[in-house]
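*Asks:* In my numbering, the protein residues as written are 182 to 540.
1. Going by C-alpha distance, which of 215, 200, 311 and 266 is nearest residue 296?
2. Might you give, ordered along the chain, the residues of its own chain that have their beta carbon closer than 7 Å to the beta carbon of residue 456, omitting 5 neighbours on each side?
3. Using a Cβ-Cβ cutoff of less than 7 Å, which residues in the same chain neighbour residue 445 once the five nearest sequence positions on both sides are dropped?
4. So what does DSSP say about residue 189, is it helix, strand or coil?
5. Between which two residues does the alpha helix (DSSP H) carrying residue 524 extend?
6. Could you compute how far the alpha carbon of residue 301 sits from the alpha carbon of residue 292?
7. Taking residue 270 and residue 247 to be in contact with their CB atoms under 8 Å, please state how far apart those CB atoms are, rounded to whole angstroms.
8. Look at the alpha carbon of residue 463 and the alpha carbon of residue 540, and state the distance between them as a whole number of angstroms.
9. Are there three or more Cβ pairs, one per stretch, closer than 8 Å when the stretch 482–499 is compared with the stretch 431–449?
10. Use the C-beta contact count for residue 418: other C-beta atoms within 10 angstroms, 16 or more gives buried, fewer gives exposed.
11. With three or more C-beta pairs closer than 8 Å as the rule, is the stretch 338–356 touching the stretch 305–324?
12. Considering just the uninterrupted stretch of the alpha helix (DSSP H) at residue 290, what are its terminal residues?
13. Skipping 5 residues on each side, what residues in its chain have a beta carbon closer than 7 Å to that of residue 340?
14. Count the other CB atoms, across all protein chains shown, that sit within 10 Å of the CB of residue 282; report buried if there are 16 or more and exposed otherwise.
15. Would residue 209 and residue 306 qualify as a contact pair, given that the criterion is a beta-carbon distance under 8 Å?
16. Give the secondary structure of residue 393 by DSSP, where H, G and I count as helix, E and B as strand, and everything else as coil.
17. Indicate the three-state DSSP secondary structure (helix, strand or coil) for residue 345 in the structure shown.
18. Restricting to Cα atoms, I'd like to know which of 217, 427 and 204 is closest to residue 237.
19. I'd like the span of the beta strand (DSSP E) that includes residue 195, first residue to last.
20. Which of the three DSSP states is assigned to residue 304 in this structure?
21. Applying the 10 Å Cβ sphere with the 16-neighbour rule, what's the burial state of residue 452?
22. Whose C-beta lies closer than 8 Å to the C-beta of residue 482 among residues of the same chain, with five residues either side of it excluded?
23. For residue 303 versus residue 278, is the C-beta spacing smaller than 8 Å?
24. Would residue 403 be called buried (16 or more neighbouring beta carbons within 10 Å of its own) or exposed?
25. Smallest Cα separation from residue 398: which of 409, 413 and 381?
26. In this structure, does DSSP put residue 384 in helix, strand or coil?
27. Can you tell which of 528, 405, 337 and 500 has its C-alpha closest to the C-alpha of residue 197?
28. In the stretch 216–269, which residue ranges form an unbroken beta strand (DSSP E) of at least 3 residues, counting only runs that do not cross its ends?
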């Protein structure tokens, strides 16, 4: 079992990466998780892994409750948060109780947010089952819900007590969800690690065939990149903003499409749009732009989206929570492996980028 420390002083925790759920209970015990547990999951993951995880925890001696909500971004709202909190009350959860987030990014965001506000904050553990959540969203303590047409506009920073990753769960992941996860994986290579970017190019067939050893290496590298950024800037006052590469346009397209496309698919096309802006500014070469496009295509991303109303996209970008001082912040690549933040991107530049990714 691979183990990685996220060093946040009093909020530090370990990420555990392996190929099954066999050590989950031992990890919880090692982490100091006792008393009552509420497993929060969605209707998709419920059918796949709830029974096994519930049984393991119960057999180990935990008093286990369950809260299940309907899968999908459309249910990432306050009504679902209140349902989870109500299930906490029904299960008799107190301040020493813990929430287990079993599922993808939506489950992690929801379970973490509910844990952050129940009794002013109780422990929670991330048990991510999708590539997106294993490589990105389970690490860093961001929780939240969508509201008023804006993605993740309400939420809190609430670090987990541990992250337990079983890469074997990726075998049951639908293709589109795997592609979604690769959006965040590729992002980490572009913003921080050129060698990892090349690794993704050279090992694409083994990754797509879900070779367990390559998956462990891929997830571990992603968690290492993400955790180092979080350690430097836990609350996103500075360098953590680099992780938003591709998200400014990506989130807007996600909302614009009424969540027809997955988060990672939108981040993928958002990265390409941001890279096009960087290319037009003379920051990256045409060859680097082509390499980013080629890697996305290698992992079966759609790099052209239907955008009939560019003004609607720009309006949604202006609602983004990353906007500061009336200006939209963009993360642009200076080269593969390095990015920089800009707040002077013109509407003309955004318009040209949207044309570049439009069908």
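Don't be surprised by glycine CBs; every beta carbon is placed ideally from N, CA and C.
*Replies:* Short version:
1. Your numbering for residue 296 matches position 115 in the chain shown. Measuring from the Cα of residue 296, the nearest candidate turns out to be 266.
2. Against the chain shown, residue 456 aligns to sequence position 275. By the criterion of a C-beta distance shorter than 7 Å, residue 456 is surrounded in its chain by 465, 470, 473 and 514, once the five residues flanking it on both sides are discounted.
3. Counting from 1 along the chain shown, the entry for residue 445 is found at position 264. When the five nearest sequence neighbours on each side are left out, the beta carbons in the same chain lying within less than 7 Å of the beta carbon of residue 445 are those of 313, 360, 361, 362, 363, 364 and 365, in order along the chain.
4. Here residue 189 refers to the residue found at position 8 of the chain shown. Residue 189 carries a coil assignment under DSSP once its states are collapsed to helix, strand and coil.
5. The residue you call residue 524 lines up with position 343 of the chain shown. First-last for residue 524: undefined, no H or E at that position.
6. Taking the chain shown and counting its residues from 1, the one referred to as residue 301 is at position 120. Taking the chain shown and counting its residues from 1, the one referred to as residue 292 is at position 111. So the alpha carbons of these two residues sit roughly 14 Å apart.
7. Taking the chain shown and counting its residues from 1, the one referred to as residue 270 is at position 89. Taking the chain shown and counting its residues from 1, the one referred to as residue 247 is at position 66. Not really, about 14 Å apart at Cβ, beyond 8 Å.
8. As a first step, residue 463 must be located in the chain shown, where it is residue number 282. As a first step, residue 540 must be located in the chain shown, where it is residue number 359. If you take the alpha carbons of residue 463 and residue 540, they lie about 25 Å apart.
9. Put simply, the stretch 482–499 touches the stretch 431–449. At least three CB pairs are less than 8 Å apart.
10. Residue numbering aside, residue 418 sits at position 237 when the chain shown is read from its first letter. Of the residues assessed, residue 418 falls on the exposed side of the cut-off, its CB having fewer than 16 other CB atoms within 10 angstroms.
11. Pairwise C-beta distances place the stretch 305–324 in contact with the stretch 338–356, as three or more of them are shorter than 8 Å.
12. The residue labelled residue 290 in the question sits at position 109 within the chain shown. Segment 286–298, the alpha helix (DSSP H) holding residue 290.
13. Within the chain shown, numbered from 1, the residue matching residue 340 stands at position 159. If we look at residue 340 and ignore the five residues flanking it on each side, its Cβ neighbours are 189, 192, 194 and 322.
14. Position 101 of the chain shown, counted from the start, is the residue given in the question as residue 282. By the 10 Å Cβ count, residue 282 comes out buried.
15. Taking the chain shown and counting its residues from 1, one reaches residue 209 at position 28. Taking the chain shown and counting its residues from 1, one reaches residue 306 at position 125. Yes. Within cutoff.
16. On the chain shown, position 212 is the one that residue 393 refers to. If DSSP states are grouped into helix, strand and coil, residue 393 belongs with the helices.
17. Within the chain shown, numbered from 1, the residue matching residue 345 stands at position 164. Of the three classes helix, strand and coil, the one that applies to residue 345 here is strand, per DSSP.
18. For the purposes of this step, residue 237 is taken as the residue at position 56 of the chain shown. Nearest C-alpha to residue 237: 204.
19. For this step, residue 195 is matched to residue 14 along the chain shown. Counting along the chain, the unbroken beta strand (DSSP E) around residue 195 starts and ends at 194–199.
20. Taking the first residue of the chain shown as 1, we reach residue 304 at position 123. Under the three-state reduction of DSSP output, residue 304 falls in the strand class.
21. Position 271 of the chain shown, counting from 1, holds the residue named residue 452. So residue 452 counts as buried.
22. Here the question's residue 482 lines up with position 301 in the chain shown. Excluding residues within five positions, the ones whose Cβ falls inside 8 Å are 360, 363, 364, 446, 449 and 450.
23. The residue you call residue 303 lines up with position 122 of the chain shown. The residue you call residue 278 lines up with position 97 of the chain shown. Yes, these two residues count as a Cβ contact at 8 Å.
24. Residue numbering aside, residue 403 sits at position 222 when the chain shown is read from its first letter. The residue is buried, with at least 16 neighbouring Cβ atoms inside 10 Å.
25. The residue you call residue 398 lines up with position 217 of the chain shown. Checking every option, the nearest Cα to that of residue 398 belongs to 381.
26. Within the chain shown, residue 384 is the residue found at index 203, counting from 1. If DSSP states are grouped into helix, strand and coil, residue 384 belongs with coil.
27. Against the chain shown, residue 197 aligns to sequence position 16. The option with the nearest alpha carbon to residue 197 is 405.
28. DSSP assignment within the stretch 216–269 yields the following whole beta strand (DSSP E) runs of 3 residues or more, N-terminal first: 217–223 and 244–250.
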